[in-house]
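Written out below as C-alpha coordinates is the structure these notes cover.
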Amino acid sequence: MDAIKKKMQAMKLEKDNALDRAIQNEQQAKDANLRAEKLEEEARTLQKKIQTIENELDQTQEQLTQVNGKLEEKEKALQTVSPMRRSVGMSVCGKFHNAILLR
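Everything in the sequence shown is counted per the numbering used here, starting at 2 for the first residue and increasing by one.
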(Lines of atoms letter the chains of each structure in order from A; the text may use other names.)
(Lines give C-alpha, C1' and ligand atoms only; values in the text may rest on other atoms or scores of the structure.)
Protein backbone atom coordinates (compact mmCIF):
# COMPACT_ATOMS: atom_id res chain seq x y z
CA MET A 2 0.00 0.00 0.00
CA ASP A 3 2.82 2.41 0.87
CA ALA A 4 4.47 1.64 -2.45
CA ILE A 5 1.25 2.59 -4.28
CA LYS A 6 0.96 5.86 -2.30
CA LYS A 7 4.59 6.72 -3.04
CA LYS A 8 4.09 5.90 -6.70
CA MET A 9 0.94 8.10 -6.81
CA GLN A 10 2.75 10.97 -5.05
CA ALA A 11 5.66 10.66 -7.48
CA MET A 12 3.24 10.67 -10.43
CA LYS A 13 1.38 13.70 -8.99
CA LEU A 14 4.67 15.55 -8.53
CA GLU A 15 5.70 14.64 -12.07
CA LYS A 16 2.31 15.87 -13.36
CA ASP A 17 2.59 19.14 -11.42
CA ASN A 18 6.11 19.71 -12.74
CA ALA A 19 4.93 18.96 -16.28
CA LEU A 20 2.05 21.45 -15.89
CA ASP A 21 4.44 24.10 -14.55
CA ARG A 22 6.76 23.55 -17.53
CA ALA A 23 3.78 23.71 -19.90
CA ILE A 24 2.59 27.01 -18.38
CA GLN A 25 6.12 28.39 -18.51
CA ASN A 26 6.55 27.29 -22.13
CA GLU A 27 3.18 28.81 -23.09
CA GLN A 28 4.23 32.13 -21.54
CA GLN A 29 7.56 32.02 -23.35
CA ALA A 30 5.71 31.31 -26.61
CA LYS A 31 3.35 34.26 -26.01
CA ASP A 32 6.31 36.53 -25.24
CA ALA A 33 8.13 35.36 -28.35
CA ASN A 34 5.01 35.95 -30.47
CA LEU A 35 4.64 39.48 -29.06
CA ARG A 36 8.29 40.24 -29.83
CA ALA A 37 7.84 38.83 -33.33
CA GLU A 38 4.75 40.98 -33.92
CA LYS A 39 6.57 44.10 -32.72
CA LEU A 40 9.56 43.35 -34.93
CA GLU A 41 7.29 42.69 -37.92
CA GLU A 42 5.53 46.02 -37.32
CA GLU A 43 8.90 47.76 -37.06
CA ALA A 44 10.00 46.08 -40.29
CA ARG A 45 6.81 47.28 -42.04
CA THR A 46 7.39 50.81 -40.75
CA LEU A 47 11.00 50.78 -41.94
CA GLN A 48 9.92 49.39 -45.32
CA LYS A 49 7.46 52.29 -45.69
CA LYS A 50 10.22 54.76 -44.81
CA ILE A 51 12.54 53.14 -47.35
CA GLN A 52 9.84 53.38 -50.02
CA THR A 53 9.22 57.04 -49.19
CA ILE A 54 12.94 57.84 -49.35
CA GLU A 55 13.29 55.96 -52.65
CA ASN A 56 10.38 57.96 -54.09
CA GLU A 57 11.96 61.21 -52.89
CA LEU A 58 15.27 60.13 -54.43
CA ASP A 59 13.57 59.44 -57.77
CA GLN A 60 11.91 62.86 -57.70
CA THR A 61 15.15 64.59 -56.77
CA GLN A 62 17.04 62.80 -59.54
CA GLU A 63 14.35 63.83 -62.03
CA GLN A 64 14.62 67.45 -60.86
CA LEU A 65 18.41 67.26 -61.15
CA THR A 66 18.10 65.96 -64.70
CA GLN A 67 15.76 68.82 -65.60
CA VAL A 68 18.01 71.43 -63.99
CA ASN A 69 21.08 70.01 -65.73
CA GLY A 70 19.22 70.17 -69.04
CA LYS A 71 18.31 73.82 -68.44
CA LEU A 72 21.91 74.55 -67.44
CA GLU A 73 23.18 73.04 -70.69
CA GLU A 74 20.71 75.18 -72.66
CA LYS A 75 21.87 78.32 -70.82
CA GLU A 76 25.54 77.45 -71.37
CA LYS A 77 24.93 76.91 -75.11
CA ALA A 78 23.06 80.20 -75.29
CA LEU A 79 25.90 81.93 -73.46
CA GLN A 80 28.47 80.47 -75.85
CA THR A 81 26.43 81.76 -78.77
CA VAL A 82 26.02 85.21 -77.24
CA SER A 83 29.58 85.64 -75.91
CA PRO A 84 31.32 86.00 -79.31
CA MET A 85 28.62 88.47 -80.34
CA ARG A 86 29.11 90.50 -77.16
CA ARG A 87 32.85 90.60 -77.69
CA SER A 88 32.52 91.86 -81.24
CA VAL A 89 29.87 94.39 -80.23
CA GLY A 90 31.93 95.38 -77.22
CA MET A 91 35.04 95.92 -79.34
CA SER A 92 33.05 97.92 -81.82
CA VAL A 93 31.64 100.13 -79.09
CA CYS A 94 35.04 100.49 -77.44
CA GLY A 95 36.61 101.39 -80.77
CA LYS A 96 33.97 104.03 -81.45
CA PHE A 97 34.39 105.42 -77.94
CA HIS A 98 38.16 105.51 -78.39
CA ASN A 99 37.80 107.26 -81.74
CA ALA A 100 35.39 109.77 -80.24
CA ILE A 101 37.91 110.63 -77.55
CA LEU A 102 40.70 111.03 -80.09
CA LEU A 103 38.57 113.32 -82.23
CA ARG A 104 38.00 115.74 -79.37
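Don't be surprised by glycine CBs; every beta carbon is placed ideally from N, CA and C.
| query | result |
| --- | --- |
| Cα-Cα separation, Lys71 to Asn34 | 55 Å |
| Helix, strand or coil at Met9 according to DSSP, with G and I counted as helix | helix |
| Nearest-angstrom Cα separation, counted from Leu14 out to Ala23 | 14 Å |
| Straight-line gap, Met12 to Asn26 (C-alpha atoms, nearest Å) | 21 Å |
| Span separating the alpha-carbon of Glu57 from that of Thr46 | 17 Å |
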